[in-house]
Each structure stands twice: as structure tokens, then as C-alpha cells.
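Inspection log for the structure reproduced underneath, given as C-alpha cells.
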Amino acid sequence: AGCAPETKEYHISPSFYLGRGTRQGCPLSPLLQCPTIVPISCMNTSHKISLYADDVLLYISNITDSVKECLKLFDTFGKLSGYKIHWNKSILMPLNLAAKSEIQTLLVSDQFNYLGIRVFPSLSHISKWNYQSLLDKIKSNLCWYPLCLALHGRIATNKMNIHPMLSFLFLVLPLTPPAGYFKEINTAVSKFLWNNKRPRIRLKSMHQLKPHGGLSLPYYLAFQMRPLRT
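Note that my numbering gives residue 1380 to position 194 of the sequence shown, counting from 1, and the numbers run on in steps of one.
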């Protein structure tokens, strides 16, 4: 434990000891996080585990024995490090009915959210639900036809609003979108760019870079192919 004072309006308080936590914004906090959370992922290097900040995602088999051992591991780890699992926010999602019947100690769900992605046991369901929900959100955000914006302003608005959402989804969800997905996006974008009127410039020409005579309109199919390639 370290020792630090508190400064408030030019008044320095007496020093006090820091226990398990640190002040928000302290540069020491990330360094303390690493030696306490990393051992969970290093205990068995052949076991896949996802760590993002303080979120832990485990992939386990042999449910009957694995769940009990994981609970014991978390209990021991918590006593040594001071970290505790928020069990009310912890969910176990079985991939088949046999595994679901063996679970009695944790909250069981057929879906959960992780890093903004809705996860289901079926890959096709994951792809369909997440891509469709984002498409509905894009169409809702692009219903700003009456805005008094020039074409360049509408392209900039499209880049700031639609581009980040699609880039994030393509990065964390490397699954092929449903058929006709990009056609629907292009239709929604075209209606927004031309104020729901007949387009005067082809999207293919607008996708070109400005030095090549285009308007640098994002080409979302390329954004989806890039994470798949890497």
C-alpha cells in the first residue's frame, strides 16, 4: 500500500495510506491491474480466455466439473488480490440442452451482451441480429432529410455518424453480413445525401478519392473485407 496526500483548493491534507484502490486518473492504476488480472489468463495457456479491462469471458467444456473449479479459482483469487466477481452481472450461456440441464449454480441465459455485441449460441443468429439491429439504427439516424446541409456536409455527417458504428462492428464481428446488406446501406446513404431525391452522381464515382475526382465517400464493403483479411 502506498501513501499519498489530497490537494483541495491549495490545501494539502495529511498523508493517508492507499489500500486496494487508487485515485481515479492515477497512472499507477493500470500497472496494478496487470499483475492482478493477468494470472487468470496465464495459469493455463492452452485455455482460451477473453480479457477486456475488468470483463472476463471464459470458454469451458465439461460443465459439471469446470464450473465448480472456476468458482473455486475465483474465490481463491479474490482472497489474494482483493478483486471480487459481480455475480449478479455474471451469466453462463450453454451451447446445448445437455449442458443447460447440468448448470444449477449460476444465472443461465440464451444470450448476453459483450462489448456492444449480442452473443447467441448460433453463429447465424449472432450475424443476423447484430447486423440487422445496426442497419435499423443507421436508417433511423439518416432520417434527417430536412437538414439544411450541402452535399459535402452530408458526406461529413455520414462519416462521423455511420462510419464509426460500422467499423466497430466489422472489427469485433468477423462474420459475413446477410445478403443485400450493403445494398440497403447504400440506399439509405444515397437518400440522405440527396435529400430523398433522385441522385445526380453515382455512388461509385463518389467513393473515389478527391484527387481522382471523387468525394471520398466511405466504401463500406471494403471496411468489412479488411478485418476478414487481417
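By construction, the Cβ of each residue, glycine as well, lies at the ideal position given by its N, Cα and C atoms.
Among the residues of its own chain, which have a CB less than 6 angstroms from the CB of ILE1271, if the five just before and after it don't count?
Taking the sequence shown and counting its residues from 1, the one referred to as residue 1271 is at position 85. If we look at ILE1271 and ignore the five residues flanking it on each side, its Cβ neighbours are PHE1260.
If the criterion is Cβ atoms closer than 8 angstroms, does the pair PHE1306 and GLN1318 meet it?
Numbered from its first residue, the sequence shown carries residue 1306 at position 120. Numbered from its first residue, the sequence shown carries residue 1318 at position 132. Not in contact: PHE1306 and GLN1318 (Cβ atoms no closer than 8 angstroms).
Using a Cβ-Cβ cutoff of less than 7 angstroms, which residues in the same chain neighbour CYS1334 once the five nearest sequence positions on both sides are dropped?
Sequence index remark: in the sequence shown, residue 1334 carries index 148 (1-based). So the list is empty, once near-sequence residues are dropped.
Threshold first: 4 residues or longer. Then list the alpha helix (DSSP H) segments lying entirely within the region 1361-1414, N to C.
1367-1379 and 1389-1392
Nearest candidate by alpha-carbon position, reference GLY1366, set VAL1242, TRP1273, VAL1253 and LEU1407:
Here residue 1366 refers to the residue found at position 180 when the sequence shown is read from its first residue. Of the listed residues, the one whose Cα sits closest to GLY1366 is LEU1407.
Buried or exposed (CB count within 10 angstroms, at least 16 for buried), ALA1336:
Translated into positions along the sequence shown, residue 1336 becomes position 150. Classification for ALA1336: exposed.
Simplified DSSP assignment, three categories, for ASP1296
Stepping through the sequence shown from its first residue, residue 1296 is reached at position 110. Residue state, collapsed to three classes: coil.
Contact belief for VAL1358 with LEU1301 at Cβ below 8 angstroms, rounded distance in angstroms:
Within the sequence shown, residue 1358 is the residue found at index 172, counting from 1. Within the sequence shown, residue 1301 is the residue found at index 115, counting from 1. 6 angstroms between Cβ atoms; contact.
Would you identify the three-state DSSP class for TYR1238, choosing helix, strand or coil?
What you label residue 1238 is simply residue 52 of the sequence shown in a count that begins at 1. DSSP places TYR1238 in strand when its eight states are reduced to three.
Terminal residues of the continuous beta strand (DSSP E) containing ILE1149?
Here the chain has residues from 1187 to 1416 only, and residue 1149 is not among them.
With 16 other CB atoms within 10 Å as the buried threshold, where does MET1392 fall?
One-based indexing of the sequence shown puts residue 1392 at position 206. Its Cβ being crowded by 16 or more others within 10 Å, MET1392 is buried.
The alpha helix (DSSP H) that contains GLY1264, what's its start and end?
Within the sequence shown, the letter at position 78 stands for residue 1264. 1249-1267 is the span of the alpha helix (DSSP H), which, as asked, contains GLY1264.
How big is the Cα-Cα spacing for LEU1328 and LEU1309?
The residue given as residue 1328 occupies position 142 in the sequence shown. The residue given as residue 1309 occupies position 123 in the sequence shown. LEU1328 and LEU1309: Cα-Cα distance of roughly 29 angstroms.
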